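Visitor: Here it is, the structure, as structure tokens.
There are 2 protein chains.
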Amino acid sequence: MDIKSKRIAILSPVAWRTPPRAYGAWETVAGNITEGLVARGWKDVTLFATKESVTTAKLEGWVERGYEEDKSQIPLVSTCLHISKVMERSGEFDLIHNNFDYLPLTYLPLITTPMLTTIHGFSDPDILRVYHDHKDTYYVSISDSDRDPGLPYLATVYNGIDLSNLTFREAPGDKLVHYGRIHNDKGTHLAIEVAKKCGMDLIIAGIIQDQAYFDTLIKPHLNLSSIQYIGPVNPVQRDALLKEAYAVIHLNLIPERFGLVMAESMAAGVPVIAMDLGSCREVIADKRTGYLVKNVDEAVEAIGKIDRIDRNTCRHHVEENFTIDRMVAGYEKVYAEIFRREAQKK
Amino acid sequence: MDIKSKRIAILSPVAWRTPPRAYGAWETVAGNITEGLVARGWKDVTLFATKESVTTAKLEGWVERGYEEDKSQIPLVSTCLHISKVMERSGEFDLIHNNFDYLPLTYLPLITTPMLTTIHGFSDPDILRVYHDHKDTYYVSISDSDRDPGLPYLATVYNGIDLSNLTFREAPGDKLVHYGRIHNDKGTHLAIEVAKKCGMDLIIAGIIQDQAYFDTLIKPHLNLSSIQYIGPVNPVQRDALLKEAYAVIHLNLIPERFGLVMAESMAAGVPVIAMDLGSCREVIADKRTGYLVKNVDEAVEAIGKIDRIDRNTCRHHVEENFTIDRMVAGYEKVYAEIFRREAQKK
């Protein structure tokens, strides 16, 4: 049987629409996997996502809108209903590809369809209890650095990004840009420090994930000209934002799990200055597509060397490593290995 | 087959130990059901609860300690692991009796063992989405008032309490008592108003569920003599507390679902003055075991009529309606009905 005729269920979260209107990293990747499989000729792909989601695959949904977009929902209610609908219909699929964290694992002993779980991040060490309780299943990590040593991974498959709204521009902008979720973890306040020390303008974009952090460490520095916050950006707005960018400042304070922002920036030709934590050294080619730094002073120093970075190299680095097609090619190998192992069991 | 040979799994929550050390209403009831079944001659009862739980039935646990007693746990991690272990072993039981809210329902389509869910309360209207998605299963309400009109209930089974640490005392104490969880819903601040208007002493006991509520509306009124807060009480401490009670003040501001506190108080011979909301009129016999009131002034007036209440009547009312044995007799009828319906399906 042609492997591309296998029936694949892609389980996306229901925090946001798939693909998300603005923020929603896991939904973005789940959507990209779905579209990528269809583009590469997979014939029977079903996306389980919010009902208002958009896909060229078959769409199945139980929850009307994402619980982050409709706050009348209790997140766990939508989550467990959504997950259980996939499980209830598991017999209709040859593989469930779970992109929705640990809860789906707890239904595994009750179904016979194999499941692949892409671990998009460990939000807390305690969730490892669920993973460690389910070692007889299939896992993929999104970077070599974001792995738990106790889990049996089949592979690392880097996230792939949709290049269609990421225009490559040879000419750099004249501002620093920082975007993503506004949170201490992402070091938004450090981007402000860098901008001030360099005397450059800074544009900040993204959802405010920690309002107290924003109010105390970000808001007091905002002004109409040199340091602006423009709110969340959709892909079209993001493209316009990156046009302004001399460099993207990404001084994350916790290990990055993958770092979609870095890949997107490089796709637009924008070099990235990132904290050398977690996956950053897997996503950025140090000194070729940006600079890995250890603190604000090194970031300031790196700004002075941005003109040594060839913006074409940034774009090519993404095209070779972080496209949807590359990601889905990676998952195809993983799916094939799963089908091989499952066939051996029978 | 003797119905009492059927294999019953009682699913208790894992927020607290079963039975709880102090607070833990659902664990209290689940524990009482378990012990009551054993006492009435059921031969194969398994309690699924925290590993440190105490029972005369078989104990199965996955989570060492309750997540409310060990804050290093993410509640959902412990919850889903605990529930999934029951589901994984569902084939070993003839009936699962779920006392752990809505999440277990989402595993139902994947198992064949029937499940009875006692709905201990709807914490939010949104959780009805899960219940309404699972109408082909069995439900019990804990009072006639705490019912959703869209659900197919088999019966109301009132909670039964363990009388072993509830000493009946003919002679009243000279203080007002308010206990339970300290929260606006339970009207702790109204108990203080009543005490002040009557010029009587008040003892408050229970866990602080809303610290801001406690700090602003309760704490400022506390003093060493007339209005005291003594913290949570275990069953032995509760018995000593009720010895002091002239009446228990229970001016709940939301409909009571059942009201263990009211039953416990009456068991000790203590009349209860309760807000006429929800199940209170099902638990209290108005003017015979206490008074149903609509506000603080009516409660103050009721204090003046407490001597018309016969404390023996309070005790007998509990013995006739709210003992563990009465509760389990009620569940035996429900179990029998479930087995009858399941046999018809085959």
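Protein chains in written order, with this note's numbering: chain D, 72 to 417; chain H, 72 to 417. Note that beta-carbon positions come from the ideal geometry of N, C-alpha and C, so glycine has one too. Only a predicted model underlies this, so the values are computations on that prediction, with no experimental measurement involved.
When you check each C-beta in the stretch 124 to 148 of chain D against every C-beta of chain H, which residues fall closer than 8 Å?
Guide: Listed in sequence order: Ser143, Gln144, Ile145, Leu147, Val148.
Visitor: Along the stretch 162 to 194 of chain H, what residues have a CB closer than 7 Å to any CB found in chain D?
Guide: Answer in chain order: Leu174, Thr177, Tyr178, Pro180, Leu181, Ile182.
Visitor: Return the first residue and the last residue of the beta strand (DSSP E) that H/Gly212 is part of.
Guide: The residue asked about is misnamed: residue 212 of chain H is Ser in this sequence, not Gly. Its beta strand (DSSP E) spans residues 209 to 212.
Visitor: So, with DSSP's three-state summary, where would you put D/Phe410?
Guide: D/Phe410 falls in the helix class under three-state DSSP.
Visitor: CB H/Thr126 to CB H/Gly102, shorter than 8 Å?
Guide: Yes, these two residues count as a Cβ contact at 8 Å.
Visitor: Going by alpha carbons, who is nearest to D/Gly340 out of D/Ala400, D/Pro303, D/Asp310?
Guide: Cα-wise, what sits closest to D/Gly340 is D/Asp310.
Visitor: Opposite D/Asn169 in the DSSP bridges: which residues?
Guide: Per DSSP, D/Leu82, D/Thr188.
Visitor: Tell me which residues share the same chain as D/Ile377 and place their Cβ nearer than 6 Å to its Cβ, disregarding the 5 neighbours each side in the sequence.
Guide: Closer than 6 Å at the Cβ level, and outside the excluded window around D/Ile377, lie Ala318, Pro342.
Visitor: Is it buried or exposed for D/Ser194, if we count other Cβ within 10 angstroms and need 16 for buried?
Guide: That one is exposed.
Visitor: If you compare alpha carbons, which of D/Trp113, D/Thr184, D/Arg328 is closest to D/Glu353?
Guide: Ranking D/Trp113, D/Thr184, D/Arg328 by Cα distance to D/Glu353 puts D/Arg328 first.
Visitor: How many Å lie between H/Ile274 and H/Leu130 at the Cα?
Guide: For H/Ile274 and H/Leu130, the distance between alpha carbons rounds to 37 Å.
Visitor: Of all the options D/Leu324, D/Asn170, D/Asn236, D/Glu372, which has the alpha carbon lying nearest to the alpha carbon of D/Asn230?
Guide: Checked all of D/Leu324, D/Asn170, D/Asn236, D/Glu372; the closest Cα to D/Asn230 is D/Asn170.
Visitor: Just to confirm before moving on: does the CB-CB distance between H/Ile301 and H/His292 stay below 8 Å?
Guide: Not in contact: H/Ile301 and H/His292 (Cβ atoms no closer than 8 Å).
Visitor: Can you pull the DSSP bridge partners for D/Phe393?
Guide: Answer is none; D/Phe393 lacks a bridge partner.
Visitor: For D/Met337 versus D/Cys351, is the C-beta distance shorter than 8 Å?
Guide: No, the Cβ-Cβ distance between D/Met337 and D/Cys351 is not below 8 Å.
Visitor: Would H/Ala226 and H/Val211 be called neighbours here (beta carbons separated by less than 8 Å)?
Guide: A contact, by the Cβ cut-off of 8 Å.
Visitor: At a cut-off of 7 Å, would you count H/Ser212 as near the ligand ADP, judging by its Cβ distance to the nearest heavy atom?
Guide: Although the ligand ADP was asked about, the structure shown includes no ligands whatsoever.
Visitor: Return the bridge partner residues of D/Gly361 from the DSSP annotation.
Guide: Paired residue(s): D/Val343, D/Asp357.
Visitor: Name the DSSP beta bridge partners of H/Lys246, please?
Guide: DSSP output for H/Lys246 lists H/Ala316 as bridge partner(s).
Visitor: What does H/Asp204 touch in chain D if you count any residue whose Cβ is under 8 Å from its own?
Guide: Leu152, listed in chain order.
Visitor: Compare the C-beta of D/Asp197 against all C-beta atoms of chain H and say whether one is closer than 8 Å.
Guide: With 8 Å as the cut-off, D/Asp197 counts as an interface residue toward chain H.
Visitor: Given this structure, state the Cα-to-Cα distance separating D/Leu82 from D/Leu118, to the nearest angstrom.
Guide: Each residue's alpha carbon lies about 6 Å from the other.
Visitor: So the alpha helix (DSSP H) H/Lys156 belongs to, where does it begin and stop?
Guide: 146 to 159 is the span of the alpha helix (DSSP H), which, as asked, contains H/Lys156.
Visitor: Thinking C-alpha only, which one of D/Leu166, D/Ile198, D/Leu348, D/Gly162 is nearest D/Thr177?
Guide: It is D/Ile198 whose Cα lies nearest to the Cα of D/Thr177.
Visitor: Would you list the one or two residues that DSSP bridges to H/Val116?
Guide: The partner list for H/Val116 (beta bridge, DSSP) reads H/Ile79.
Visitor: For D/Ser155, would you say it is in contact with chain H, using Cβ-to-Cβ distances shorter than 8 Å as the test?
Guide: Yes - at least one Cβ of chain H is within 8 Å of the one on D/Ser155.
Visitor: Quick one: Cα of H/Ala276 to Cα of H/Ser124, how far?
Guide: Their Cα atoms are separated by approximately 24 Å.
Visitor: Who are the neighbours of D/Val201 on chain H, taking C-beta pairs under 8 Å?
Guide: In chain order: Val148, Cys151, Leu152.
Visitor: Report the option in D/Asp281, D/Lys77, D/Lys267, D/Ser76 whose CA atom is closest to the CA atom of D/Thr294.
Guide: Here residue 294 of chain D turns out to be Asn, not Thr, going by the sequence shown. Among D/Asp281, D/Lys77, D/Lys267, D/Ser76, the Cα nearest to that of D/Asn294 is on D/Lys267.
Visitor: State the start and end residues of the unbroken beta strand (DSSP E) segment that holds H/Tyr300.
Guide: Counting along the chain, the beta strand (DSSP E) containing H/Tyr300 begins and ends at 298 to 300.
Visitor: Counting contacts by CB-CB distance shorter than 8 Å, is H/Glu159 in contact with chain D?
Guide: Cβ-Cβ to chain D under 8 Å: yes for H/Glu159.
Visitor: Where are the alpha helix (DSSP H) runs, 4 residues long or more, that stay fully inside the stretch 246 to 306 of chain D, in chain order?
Guide: For the stretch 246 to 306 of chain D, whole alpha helix (DSSP H) runs of length 4 or above, ordered along the chain, are 259 to 269.
Visitor: Per the DSSP calculation, D/Leu130 is bridged to which residue(s)?
Guide: Answer is D/Leu118.
Visitor: For H/Val100, is the classification buried or exposed, using 16 other Cβ atoms within 10 angstroms of its Cβ as the cut-off for buried?
Guide: Classification of H/Val100: buried, given that the 10 Å Cβ count is 16 or more.
Visitor: Tell me whether D/His203 is buried or exposed, calling it buried when 16 or more other Cβ atoms sit within 10 Å of its Cβ.
Guide: Exposed is the call here.
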